[in-house]
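*Asks:* The opening position of the sequence shown corresponds to residue 1 in UniProt numbering, with each subsequent residue numbered one higher.
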Amino acid sequence: MAIKSISSSLLTRVLSVYFVLTLIVTAVQIGAEYFDTKRVLIAELQNQQSTFNGSLTRSLWEFNSNQIDTIADGLIGIPAIAGVLIRDDAGNILVQLGETTEMSDLPDDNSEGMLLPEREGIFGYYDSLIFEFSGHSTKVGDVSLFSTRDIAIDRIKVSLGFIIGNAIIKSTFLIVLFTIAFNRMLSRPLSDLTQQIKGFRLDNLERSRIRLNDQHNNELVLVEQAYNQLLDNIEEYQADLDRTQKKLKAANRQLDEQNAILEQEVARKTSRLSQVMLDLEQRKNELEMRQEKLEREVGQRRAIENTLRQSNQRLESSLNHLRETQQQLIESEKMASLGGLVAGITHDVNTPIGISVTASSYLREKLDTLDQSLLNKELTQAQLKKFIDEGRESLNLLDNNLHRASDLISSFKQVAVDQASDAIRDINLKSYIEDLVQSLQPHLKKTKHQVQLECADDIFIRCPAGALSQIFTNLILNSLRHAFEGVEEGIMTISIQLNGDTLQVSYSDNGNGLSDAQLNRLFDPFFTTKRDQGGSGLGTHIVRNLVTQTLSGEIRAESEPGKGLSYFFSFPVQVLN
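1. Rounded C-beta distance between Ser-144 and Leu-106? I'm assuming under 8 Å.
2. Would you kindly work out how many angstroms separate the C-alpha atoms of Thr-12 and Leu-174, rounded to a whole number?
3. Can you tell me whether Gly-83 is buried or exposed, with buried defined as 16 or more other CB within 10 angstroms of its CB?
4. What are the boundary residues of the beta strand (DSSP E) that includes Asn-499?
5. Going along the chain, which residues of its own chain have a beta-carbon closer than 6 Å to the beta-carbon of Tyr-507, five neighbours each way excluded?
6. Quick one: grab the DSSP three-state call for Arg-309.
7. Closer than 8 Å is the cut-off here; do at least three beta carbon pairs connect the region 554–574 with the region 507–520?
8. Where DSSP assigns a beta bridge to Leu-129, which residues make up the other side?
9. Please work out which residues of its chain come closer than 6 Å, Cβ to Cβ, to Asp-89, disregarding the five sequence neighbours upstream and downstream, and give them in chain order.
10. Check whether the region 52–63 and the region 184–198 are in contact - that is, three or more C-beta pairs closer than 8 Å.
11. Leaving out five residues before and five after Glu-485 in sequence, what residues of the same chain have Cβ atoms less than 7 Å from its Cβ?
12. By DSSP, does Gln-458 sit in helix, in strand, or in coil?
13. With C-beta atoms as the reference, is residue 583 less than 7 Å away from Cys-455?
14. State the DSSP-derived secondary structure class of Asn-228, mapped to helix, strand or coil.
15. For Arg-119, which residues does DSSP report across the bridge?
16. Between Leu-193 and Phe-178, what straight-line distance do the alpha-carbon atoms span, to the nearest angstrom?
17. Does any CB atom of chain E fall closer than 7 Å to the CB of Lys-448?
18. Could you spell out where the alpha helix (DSSP H) holding Pro-572 opens and where it closes?
19. Leaving out the 5 sequence neighbours to the left and right, which residues in its chain are closer than 6 Å to Gly-539 when beta-carbon positions are compared?
20. Are at least three pairs of beta-carbons, each pair with one atom in the region 30–48 and one in the region 154–169, less than 8 Å apart?
21. Checking 7 Å against the spacing of the C-beta atoms, do Ala-152 and Lys-38 come in under that value?
22. Considering only DSSP beta bridges, list what Ala-557 is partnered with.
23. Bridge partners of His-136, per DSSP?
24. For Leu-565, which residues of its own chain have a beta-carbon under 8 Å away from its beta-carbon, when the five flanking residues on both sides are left out?
25. Let's see if you can read the secondary structure: which residues bound the alpha helix (DSSP H) around Asp-150?
26. Excluding sequence positions up to five away, which residues of its chain have a Cβ less than 6 Å from the Cβ of Ser-16?
27. At the level of alpha carbons, what is the spacing between Val-20 and Lys-293?
28. Alpha carbon to alpha carbon, how far is Asn-166 from Asn-183?
In structure tokens form, the structure reads like this:
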């Protein structure tokens, strides 16, 4: 039967536990080194982005494609950067170099300073490009810089070699140390004990005594003492051997029993000692691992809390800024619309006033001539008759043009006041909309387009008249600017019905219509098909806000290419009897 060494078994178990712990610690160190290097790379991406942010933003603002390409080539040449993705404010890709992630990984909103998660070994940093002009901030695009796992691994090759070499050296040293210690403290004394026991001679008990060296109050010393005591007993038994054979046999049986008990005791104590050492070592390792894990978790939680707190502050600041910017743009659009009405009505009012001034000057000239003829006593009946006829024509011309200017100013006055105010007024709906259409005649008279109104004469309601004025002004001007390109005689139809306390309005034109993609974005802020012609993209957004927020109603739109665009909205009103 093969004998298995206790020291070898114990050494194998201890070293196995140590190798597992070393492997885990080494893996954790390598992971920490990788993530630290990744964090450094992301910081480099942020620094590079901050360095080129100003020049890239101005290049996008100025549409300088050559400068954008030059900046992108300079960025991709930096060792830490593996990919560059530059987009304009509409999300269109301007430059895409190197290794980049999918477009779906990029945020759709105006996020600033956002880390892009690692996908297929590629990670990066995203940031919006904001151009400051006249105190206003405008997003002109965004830029994303990417790095790869290969770059991070290439940077930590030396560290990896050091970590792995350190683990190998420590493991080798401990193997040698444990081997020497087990050999010196257990294997060698046991071997010495075995050899001395094998040299036992019954006829020379003094030389058969066990003498162990370098052992101080341990279990082997107890074995030595017990064995030597056994030899002393044997000497006593030999003295009694001569007296009686029976006592000798009894002594021999007693000796055998004592040997068995001693062997069992030695084995039991040795086994218990080994088990206690293993348990203590295992508990020590478990405590160390738990302590390290708790420290790591505490550090991670503190870092996450700080990151979340900073992110919340940045997001709250960005949201407030966006709300202020959106409100400013909406107010600017309202004032721009009102300014367009003022410019048009000014031109139309100047025409009849100019004619009136000309007629008045002509009448004054004829009156001076008649007065001079009267003073010179050269006035004839024919001259007087001619003056009366010409004076009557001039007065008719003055009267007609002054009434025309008065009507234009009256229709425009209330519309302009309403568009600049949110006051609630009592109005005759049909008359109010007719005045609104009259104020838009400077825009309509340049074309052959017409506005058709289908509304009962007796609808009297109390509502925010300014909101209605802004809604119909934006809808009519949008049709004139966008719907009738290539259409000579367009028709805009306004149909209004009163259903109880709810006003149902339908507005439609027979223009070019919209595609499904354009219709889905119709009410989005800054969406326009005429951006290159000065369109702001806020008209329909303002209409939706007025209907849903100011009037507490609902609005929807329907359109097909070539079949025009229709709006359907309704809102509660107070009907006046």
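Just so you know, even glycine gets a beta-carbon here, dropped at the ideal spot from N, CA and C. All figures in this text were calculated on a predicted structure; none of them were measured in a lab.
*Replies:* The structure says:
1. The count along the sequence shown starts at 1 and reaches residue 144 at position 144. The count along the sequence shown starts at 1 and reaches residue 106 at position 106. About 6 Å; that satisfies the 8 Å criterion.
2. In the sequence shown, residue 12 corresponds to position 12, counting from 1. In the sequence shown, residue 174 corresponds to position 174, counting from 1. Cα to Cα, Thr-12 sits roughly 12 Å from Leu-174.
3. Numbered from its first residue, the sequence shown carries residue 83 at position 83. Counting Cβ neighbours within 10 Å, Gly-83 comes out buried, since at least 16 surround it.
4. By 1-based counting over the sequence shown, the position of residue 499 is 499. First-last of the beta strand (DSSP E) with Asn-499: 491–499.
5. The sequence position of residue 507 within the sequence shown is 507, counting from 1. Same-chain partners within the cutoff: Leu-475, Ile-494 and Tyr-567.
6. Your numbering for residue 309 matches position 309 in the sequence shown. When DSSP states are grouped into helix, strand and coil, Arg-309 belongs to the helix group.
7. yes
8. Counting from 1 along the sequence shown, the entry for residue 129 is found at position 129. Paired residues: Gly-141.
9. The residue you call residue 89 lines up with position 89 of the sequence shown. Lys-139, Val-140 and Gly-141.
10. no
11. The sequence position of residue 485 within the sequence shown is 485, counting from 1. Excluding positions up to five away in sequence, the list reads Asn-512.
12. Along the sequence shown, one-based indexing puts residue 458 at 458. Looking at the sequence provided, one finds Asp at residue 458 rather than Gln. Correct three-state label for Asp-458: coil.
13. This structure gives no information on residue 583, because the portion of the chain shown stretches from 1 to 577.
14. Here residue 228 refers to the residue found at position 228 when the sequence shown is read from its first residue. In the structure shown, the three-state DSSP call for Asn-228 is helix.
15. Mapped onto the sequence shown, residue 119 falls at position 119. DSSP, once it has assigned bridges, lists Ile-122 as partnering Arg-119.
16. On the sequence shown, position 193 is the one that residue 193 refers to. On the sequence shown, position 178 is the one that residue 178 refers to. Going by the C-alpha atoms only, they are around 21 Å apart.
17. You won't find chain E in this structure, because it holds only one protein chain.
18. Here residue 572 is taken as the residue at index 572 of the sequence shown, counted from 1. Counting along the chain, Pro-572 falls outside any alpha helix (DSSP H), though it belongs to the beta strand (DSSP E) covering 565–572.
19. For the purposes of this step, residue 539 is taken as the residue at position 539 of the sequence shown. Correct list, in chain order: Asn-474 and Asn-478.
20. yes
21. Sequence index remark: in the sequence shown, residue 152 carries index 152 (1-based). Sequence index remark: in the sequence shown, residue 38 carries index 38 (1-based). The beta carbons of Ala-152 and Lys-38 sit closer together than 7 Å.
22. Numbered from its first residue, the sequence shown carries residue 557 at position 557. Its beta-bridge partners are Tyr-567.
23. Here the question's residue 136 lines up with position 136 in the sequence shown. Its beta-bridge partners are Phe-133.
24. Locating residue 565 in the sequence shown gives position 565, counting from the first residue. Here the set comprises Ser-479, Ala-483, Ser-508, Asp-509, Gly-511, Gly-513, Leu-514, Ala-557, Glu-558 and Ser-559.
25. Position 150 of the sequence shown holds residue 150. Note, Asp-150: alpha helix (DSSP H), 149–155.
26. For the purposes of this step, residue 16 is taken as residue 16 along the sequence shown, with counting starting at 1. So the list is empty, once near-sequence residues are dropped.
27. Here the question's residue 20 lines up with position 20 in the sequence shown. Here the question's residue 293 lines up with position 293 in the sequence shown. One C-alpha to the other measures close to 16 Å.
28. Here residue 166 corresponds to residue number 166 of the sequence shown, with the count starting at 1. Here residue 183 corresponds to residue number 183 of the sequence shown, with the count starting at 1. Those two C-alpha atoms are separated by around 26 Å.
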